[in-house]
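In my numbering, the protein residues as written are 736 to 1594.
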C-alpha cells in the first residue's frame, strides 16, 4: 500500500473488515488516527530493579498497571531473541506474568497456552501471538477474556480489558511504525422489531392518566387558563389538547423512563400527598404515576413495523464500533483516566505504565457516556506512592502536558483546581485550574517559587473557560514554559515565568482531580477524560487529540446490502448518548467494506431514524437527503458523505436495550414515500400574561449608548473585538422578563472595555472628566479619593461627570441623587479594599458601575 493511500483513507484488512487510517485534522471525521504507541521507559525502584512496562535496555520485574499489583518477580531465562520479543517482554509479559495475574495458571507446566511463562520469554512470545489481534488489539483474545471477567485483576472487567489492550498496543508500537486504526466490524445481522404506538383514540389515556392524575394534581399550572399557565398543557380541560401534549412525556415501551415518572422520582417536581392532610410524597407520587402509565401501556398492543417500508437492518448502540480516542497521540502518556467503569469509588489509570496511579473518588458521581461529576466536597486522588512515577518521568524529560476533557459547572468559580500534582495550598509541582472565565497554570521550576508563581492566566478578554465541554491542554517545556490550548487552539498567552528546570519537584506530592489535597481549592464540573504526558505535546498533537473526541461514541453500521445490491454496504453514523434521555447521531455516510464494490448511480432519499420498531416522531434531520450514490462522490477510501448535520433522537428503553434502524423514502429501486401521522395542532389560546411597560436595551443599543456616553468610538479595536465576541451574549430582545444573568455579565464586560479606553486615552479622559485627574492618575486612590474631607472635591470630579453624561440633568433628580450617593460610597470604599489601587483603577470601576447599571440599560 502506498503512502498516499495510508494518508487518504481506509486500509482494507483480512477478514472483510476495514481499518480507518490517519488523516489531517481537517479531514473527514470518519477517518481516524491511532499512532502506534511508543514503548514505555521502565521506572527504577529504590533497589535498582525495573518496574512497569518499558523498552529499556533489558527486562526486569514488573508492576502491573491499574492496581499497581505485583507483576513478574524477576527473570533469569534466555534473553529476548529480537527487538519484537523484547518489546513483548517489556510491555505485555512484564504486566501479566505475575502469580496474581495470568502467570498464576499459564506458566510452564501449567494451563495452556503458556503465554505468561517465566522460564523463557521467547516461548511465551510464541504462545501469545495467536492470542493477539495485531490489526485491532481491542479484539484480541487476551482482551476479550479479561473483559468477560476471566481472572480480572481489577474491580472492573472493562478496566481490565482497557489495560490489557493498552499493553498490547504498547508492544506493537515498540517495534512497528505502522499506525493502528479503528476497525469497522459489521454488527450481527438483526431484523427490525416492533414497538408500541399511540392510538388515535384518547379514551384510555383520559380514563387512566388524565382524569385521575393530570387533571387532579397538575392543573394548577399545566393548563392554558391557569392563573400562571405553564406549557405543556397536558392538564388542559380539553382532553384532546392534553393527549397531544402528554405523548412526548409517555414511554409506552418502558413506562419507568417516562418523563412524568422521572420528574417525580428523581427531580421531585410538585409531588402530592398520598393521604389527606399528609406531606408531599415523591416516591408515592412517582409510584402512582408509574402504575397509571403502565396500566395504559398494557392496553396498547405491539405494532409490528410496516413491512412495506424500505428498512435497513438493525443494531444496538454497543454493537457499533467504538469511535472515541482511537486517533489520539499517546506516545508519552504516563497516566490516563477514561472513566469507563461507571460505578464504584475508583477510577483506574489505564495508561499501561506501572504502577497505576488509580484515583480514589470522594463525593463524586459517575455520568453516562464515560465521565465523573465533581460537586461540592468532591475530589479524585491518587496515592503519593503511585503518583511518584509522575515526578520521575517528568523530571527525566523536563517537559509535561496535562490534558483534560472537562465541563466547568459554572464560570464563576475561582482558585478551582481541575488537575493538580501538589502537597498543599502553597506547594505544588504542577496545576491546571479555573479562575472564573480564565484558565490558570502553575509549574514549580527554577524560575518560579514553590507554589508555581508567577502563574499563567489566559486572557480575560478571551473568556476561554466556558460552562461547556472543552478540551484543555497545559504543556510545559524549558523553552516556551507553560502554554494552554483550548479546543485545539493555542490561547496565545505567554508564560510570565517562562521556562526552567524541574529539578526541585517534590516526589511526595499526590495527583488530585477537582480539588487540592487540603480540600480548599474546589472545582465543580464534569471530567470525561484526563491524561498526563511526559512530553510537551506539539500544536499538531494537541489538534489531533482534540479531533479524536471523547466519551462513549460508536460508529453504527446500518446494513443496506440487500437494498443497494452492493456487497457489504452500510449507512454509517457516529452515535453517542447525548444525555440521559436522548442520543446524538451525526454525519451519515455510505460505505462498503468491499474494496472491489462500487455503487453505480444508486438513488437515496428521505432517511429517517427509528428506535425499537418505531420511526422517531421528532429529531429527523435527514428527511431532506436526496443524493445519488456513486463516483465521483463515492470512493472506497472515504465512502460518500450524505449530510454534515446531527440528529437528537429520544431514548426509549435505554442505551443497553434500544435497537436502531433506518427507513428510506427511496434506496435503489426500493421506493416507499413516508407518510407521517396526522398531527392535530392544539387550539391557539390568548396570552393574557401582563407585560411590563419598560424593558432592557438590546445589544446594538447597549453598544451605541456606551459609545455615546464615553465618547469612545464603536470602531475602537479593543471595544469592537469584545463586542463582536460577546454580541450573542448581550440582550437580543427588550423584554425585561427575558433578561438573564449571563447578559448582565456581558454588559459588564463591555462596560469595562469602554471605561478602560475612556480613562487610558488622555484626550477622551479630559473631554469627559476635565483635566483634574491627569496629575494624579497613577497616584493611589486612598490619597486622592479617600474619606478625608479634601478628597470630596476629587471624588466629585468623577461622580459629577459620570452622572451628567450617563444619567443626564433633565431627569428625575431621585435617580441622579441615588447614583451620586452610590458612586461616592464606592470611591470611598475602594481604598479600604486595596491600598495599592490607583486613581485610574478606581475611576474605571466607578465608570463600569454606571455604564453597566439600569440607569443606562433599562428603557
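From the three backbone atoms N, C-alpha and C, an ideal C-beta is built for every residue, glycine too.
- Residue 1272 holds the alpha-carbon nearest to the alpha-carbon of residue 1211 among 1272, 1241, 1253 and 1247.
- In the displayed model, residue 1021 falls within a helix according to three-state DSSP.
- A direct Cα-to-Cα measurement between residue 1507 and residue 1579 gives close to 15 Å.
- By the Cβ test, the segment 1273 to 1290 is in contact with the segment 1299 to 1312, since at least three Cβ pairs between them sit closer than 8 Å.
- The residues 1388, in chain order, have a CB closer than 6 Å to that of residue 989 in the same chain once the five nearest residues on each side in sequence are set aside.
- Per the coordinates, the alpha-carbon of residue 1127 lies some 25 Å from the alpha-carbon of residue 1220.
- Residue 1154 is not a Cβ neighbour of residue 1261, given a cutoff of 9 Å.
- Around the beta carbon of residue 838, 16 or more other beta carbons sit within 10 angstroms, so the residue counts as buried.
- Approximately 18 Å separates the beta-carbon atoms of residue 987 and residue 1396; this is outside 8 Å, ruling out the contact.
- Annotated three-state conformation of residue 1162 is strand, per DSSP.
- Under the three-state reduction of DSSP output, residue 1095 falls in the strand class.
- Bounds of the beta strand (DSSP E) holding residue 1310 are 1304 to 1314.
- DSSP lists 1363 as the beta-bridge partner residues of residue 1338.
- For residue 1186, the closest alpha carbon among the candidates 1163, 979 and 1201 is that of 1163.
- Annotation for residue 1015: 1006, 1007 and 1008 place their beta carbon closer than 7 Å to its own, counting only its chain and skipping 5 residues before and after.
- Residue 1398: member of the beta strand (DSSP E) spanning 1394 to 1402, first to last residue.
- Taken through DSSP and simplified to helix, strand or coil, residue 1513 comes out as coil.
- For the options 820, 880, 1040 and 1255, the alpha carbon positioned closest to that of residue 927 is the one of 1040.
- In this structure the segment 1016 to 1036 does not touch the segment 1232 to 1248; the number of beta carbon pairs closer than 8 Å is below three.
- Note on residue 896: 16 or more other CB atoms within 10 angstroms of its CB, so buried under the neighbour-count rule.
- Rounded to whole angstroms, the separation of the alpha carbons of residue 1104 and residue 1345 is 21 Å.
- Selection 1148, 1519, 1561 and 1125 evaluated against residue 1137 yields 1125 as nearest (Cα-Cα).
- Here residue 883 has no same chain residue with a Cβ atom under 6 Å from its own Cβ, once five neighbours each way along the sequence are excluded.
- Nearest neighbour of residue 1518 by Cα position, chosen from 970, 1196 and 1571, turns out to be 1571.
- Under the three-state reduction of DSSP, residue 1449 is assigned to coil, being neither helix nor strand.
- Boundaries of the alpha helix (DSSP H) harbouring residue 1497: 1497 to 1504, taken from the DSSP string.
- When secondary structure is reduced to three states using DSSP, residue 990 falls in the helix class.
- Relative to the Cα of residue 1161, the nearest Cα in the group 1170, 1169 and 1177 belongs to 1177.
- Closest option to residue 1072, judged by alpha-carbon separation, among 1141, 964 and 1010: 1141.
- In this structure, DSSP gives residue 897 a helical state, which the three-state scheme calls helix.
- Residue environment: residue 1003 is assigned as exposed (fewer than 16 neighbouring CB atoms within 10 Å of its CB, all protein chains considered).
- According to the DSSP assignment, residue 1328 belongs to no alpha helix (DSSP H), since it is labelled neither H nor E.
- With 16 or more other Cβ atoms from the protein chains shown falling within 10 Å of its own Cβ, residue 1441 counts as buried.
- Around residue 970, the same chain offers 949, 950, 953, 954, 957, 958 and 977 as residues with beta carbons nearer than 7 Å, after the five sequence neighbours per side are excluded.
- Here DSSP, grouped into helix, strand and coil, assigns residue 1050 to strand.
- DSSP, reduced to helix, strand and coil, places residue 1378 outside both helices and strands of the structure shown, so it counts as coil.
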